[in-house]
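Chemist: Okay, here's the structure, questions in a sec.
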Amino acid sequence: MSATGWFREAGASVRLWFAPDRVQEEGSTPDYRFSLANERTFLAWIRTSLALIGGGFAVDQFLTDHLTRWARVGLALALLAGGVFCTLRAVNHWVRCERAMRSGRNLPASRFPALLALLVAVIAVAMVAVVLFGWAG
Amino acid sequence: MSGAARASASASGEAPGPARRAAVETDRDPGLQPERTRLAWRRTTLSWSVAAVLAVRQSLRGAGGTAPVAAISLTAFAFLAFLLLAHFRIQRLAAAQPPLLSKRAAVAVAASTVALAAGGAALMFS
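If you read the protein sequences in the order shown, they are chains Z and B.
For the first sequence, position 112 matches number 112 in my numbering, and the numbering has no gaps at all.
To convert a position in the second sequence, counted from 1, into my numbering, add 1000.
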């Protein structure tokens, strides 16, 4: 996808979040239990992003013996940015699922879980290497 | 019930076991969906608390000044906003047929999380 296309799509998503509950007018109202399940999934993603943010704080506070300040800050900022991205995506996915349920379409497929898993795996391997081999600054 | 009586009961087509209860139509959900959702909000509150404690600990490490105070204020404000959102949502979940989570509330929850991350990032440079 081109960069401009991506930005246009992102802008459309943000407008969708702030549309004053237009979601509720289209399609038919699904069983409220499905909406509650969607809400729980949203909250689970929020918890995931809170864990990433807390992990960012923990890297900066507890790896002082292993990393230079800038390596620590870089890693922590990567985790914080991951948490922010995960949060924004949580809202986006929740809105899209709600709309899909109302109009009877398939739920949106997503590459995000795989991307997040890769990010977490890379950071975890880096941490293990740092702690095992003592790459201190 | 003796063995012979049970045998005759099952022979006559009645299910054995404790007294059966007729299915009752209720307006409460048998899958306890609202309760599970309530507990999900509680778990999220707990995660938020842990992250907030780490953020405050972060601000206590650096030198003094106005930046840590501002960052702590931002974190506290975001935490309070989240607690209020969770509280009102949990209250609304108590209805027999809970209403849909409003889009405004979902965006506000996300905004409080983003504020926490922004405050934390600011603290790392103070």
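From the three backbone atoms N, C-alpha and C, an ideal C-beta is built for every residue, glycine too.
Considering only the beta carbon of each residue, do Ala1078(B) and Leu1046(B) sit closer than 7 Å?
Modeler: Counting from one through the second sequence, the residue named residue 1078(B) turns up at place 78. Counting from one through the second sequence, the residue named residue 1046(B) turns up at place 46. Taking 7 Å as the Cβ cut-off, Ala1078(B) and Leu1046(B) do not qualify as a contacting pair.
Chemist: For Ala84(Z), count the other beta carbons within 10 Å of its own beta carbon; 16 or more makes it buried, fewer makes it exposed. Which is it?
Modeler: Locating residue 84(Z) in the first sequence gives position 84, where the first residue counts as 1. Sequence check: residue 84(Z) is Val here, not Ala. Classification of Val84(Z): buried, given that the 10 Å Cβ count is 16 or more.
Chemist: Tell me which residue opens and which closes the alpha helix (DSSP H) that Asn38(Z) is part of.
Modeler: For this step, residue 38(Z) is matched to residue 38 along the first sequence. Run containing Asn38(Z): 32 to 62, per the alpha helix (DSSP H) assignment.
Chemist: Taking C-alpha atoms, which residue in Ala71(Z), Val131(Z), Leu80(Z) lies nearest to Leu1054(B)?
Modeler: As a first step, residue 1054(B) must be located in the second sequence, where it is residue number 54. Just measuring C-alpha positions, the residue of Ala71(Z), Val131(Z), Leu80(Z) sitting nearest Leu1054(B) is Leu80(Z).
Chemist: If you reduce the DSSP assignment to three classes, tell me which class His93(Z) lands in.
Modeler: On the first sequence, position 93 is the one that residue 93(Z) refers to. Helix, per DSSP.
Chemist: Taking 7 Å as the CB-CB cut-off, is Gly137(Z) touching chain B?
Modeler: Translated into positions along the first sequence, residue 137(Z) becomes position 137. Low per-residue confidence applies at Gly137(Z): pLDDT is 47, beneath 50, and the placement is therefore not dependable, though the value from the model is reported in the following sentence. No - not a single Cβ of chain B is within 7 Å of the one on Gly137(Z).
Chemist: If we ignore side chains and look at the alpha-carbon of each, how far apart do Pro108(Z) and Ala100(Z) end up?
Modeler: In the first sequence, counting from the first residue as 1, residue 108(Z) sits at position 108. In the first sequence, counting from the first residue as 1, residue 100(Z) sits at position 100. Approximately 7 Å, taken between the alpha carbons.
Chemist: Using the C-alpha atoms, what's the distance from Gln1058(B) back to Asn92(Z)?
Modeler: Residue mapping note: residue 92(Z) aligns to position 92 of the first sequence, counting from 1. Residue mapping note: residue 1058(B) aligns to position 58 of the second sequence, counting from 1. C-alpha separation (whole angstroms): 30 Å.
Chemist: Is the CB of Glu26(Z) under 7 Å away from at least one CB in chain B?
Modeler: Translated into positions along the first sequence, residue 26(Z) becomes position 26. Output row for Glu26(Z): interface = no.
Chemist: Roughly how many angstroms lie between the CA atoms of Ala121(Z) and Arg1089(B), to the nearest whole one?
Modeler: Here residue 121(Z) corresponds to residue number 121 of the first sequence, with the count starting at 1. Here residue 1089(B) corresponds to residue number 89 of the second sequence, with the count starting at 1. Ala121(Z) and Arg1089(B): Cα-Cα distance of roughly 35 Å.
Chemist: So the alpha helix (DSSP H) Phe7(Z) belongs to, where does it begin and stop?
Modeler: Position 7 of the first sequence, counting from 1, holds the residue named residue 7(Z). 3 to 18 is the span of the alpha helix (DSSP H), which, as asked, contains Phe7(Z).
Chemist: In terms of residues, what are the limits of the alpha helix (DSSP H) holding Gly1120(B)?
Modeler: Stepping through the second sequence from its first residue, residue 1120(B) is reached at position 120. Segment 1103 to 1124, the alpha helix (DSSP H) holding Gly1120(B).
Chemist: Residues in its own chain within less than 7 Å of Ala1081(B) by CB, not counting five upstream and five downstream?
Modeler: Here the question's residue 1081(B) lines up with position 81 in the second sequence. These residues qualify, in order along the chain: Ala1108, Ser1112.
Chemist: Once you ignore the five residues that flank Ala1076(B) on each side, which residues in its own chain have a CB closer than 6 Å to its CB?
Modeler: As a first step, residue 1076(B) is located in the second sequence; it is residue number 76 there, counting from the start. Around Ala1076(B): no qualifying Cβ.
Chemist: Going along the chain, which residues of its own chain have a beta-carbon closer than 8 Å to the beta-carbon of Thr87(Z), five neighbours each way excluded?
Modeler: Translated into the one-based positions of the first sequence, residue 87(Z) becomes position 87. Cβ within range, chain order: Trp45, Ile46, Ser49.
Chemist: Is the stretch 52 to 60 of chain Z close to the stretch 1 to 16 of chain Z, with three or more CB pairs under 8 Å?
Modeler: In short, these stretches do not touch, since the Cβ pair count stays below three.
Chemist: So, for Trp1041(B): in the same chain, excluding its five sequence neighbours on each side, which residues have a beta-carbon less than 7 Å away from its beta-carbon?
Modeler: Numbered from 1 along the second sequence, position 41 holds the residue referred to as residue 1041(B). Short of 7 Å from the beta carbon of Trp1041(B), and not among the five residues preceding or following it, lie these beta carbons of its own chain, in chain order: Ala1086, Arg1089, Ile1090.
Chemist: Note the first and the last residue of the continuous alpha helix (DSSP H) segment covering Leu1084(B).
Modeler: Within the second sequence, residue 1084(B) is the residue found at index 84, counting from 1. Per DSSP, Leu1084(B) belongs to the alpha helix (DSSP H) from 1066 to 1093.
Chemist: Is the CB-CB distance between Phe57(Z) and Gly1120(B) below 7 Å?
Modeler: Taking the first residue of the first sequence as position 1, residue 57(Z) is located at position 57. Taking the first residue of the second sequence as position 1, residue 1120(B) is located at position 120. Closer than 7 Å, so yes.
Chemist: Residue range of the alpha helix (DSSP H) that Ser1047(B) falls in?
Modeler: Start at 1 with the first residue of the second sequence, and residue 1047(B) comes out as number 47. Where Ser1047(B) is concerned, the enclosing alpha helix (DSSP H) stretches over 1033 to 1061.
Chemist: Please classify Leu1060(B): is it buried, with 16 or more other beta-carbons within 10 angstroms of its beta-carbon, or exposed?
Modeler: Mapped onto the second sequence, residue 1060(B) falls at position 60. Leu1060(B) should be labelled exposed.
Chemist: Between the alpha carbons of Thr64(Z) and Val1114(B), how many angstroms are there, rounded?
Modeler: Translated into the one-based positions of the first sequence, residue 64(Z) becomes position 64. Translated into the one-based positions of the second sequence, residue 1114(B) becomes position 114. Taking the straight line from one Cα to the other gives about 25 Å.
Chemist: Return the residues of the stretch 1069 to 1102 of chain B that lie within a Cβ-Cβ distance of less than 9 Å from chain Z, sorted by chain order.
Modeler: Answer set for the stretch 1069 to 1102 of chain B: Arg1089, Leu1093, Gln1097, Pro1098, Pro1099, Leu1100, Leu1101, Ser1102.
Chemist: Is Leu80(Z) helix, strand or coil when you go by DSSP?
Modeler: Indexing the first sequence from 1 puts residue 80(Z) at position 80. Three-state result, Leu80(Z): helix.
Chemist: Since Gly11(Z) and Ser103(Z) should fall inside the 8 Å C-beta cutoff, what is the C-beta to C-beta distance between them, to a whole number of angstroms?
Modeler: To locate residue 11(Z), count along the first sequence from 1; it is residue 11. To locate residue 103(Z), count along the first sequence from 1; it is residue 103. Going by Cβ atoms, the distance from Gly11(Z) to Ser103(Z) rounds to 22 Å, so no, they are not a contact pair.
Chemist: Quick one, are the C-beta atoms of His66(Z) and Val128(Z) less than 7 Å apart?
Modeler: On the first sequence, position 66 is the one that residue 66(Z) refers to. On the first sequence, position 128 is the one that residue 128(Z) refers to. No, Cβ-Cβ distance for His66(Z) and Val128(Z) is not below 7 Å.
Chemist: Answer yes or no: does any C-beta atom of chain Z fall closer than 7 Å to that of Glu1025(B)?
Modeler: Within the second sequence, the letter at position 25 stands for residue 1025(B). Unreliable placement is indicated for Glu1025(B), whose pLDDT of 49 sits below 50; no coordinate value is reported for it.
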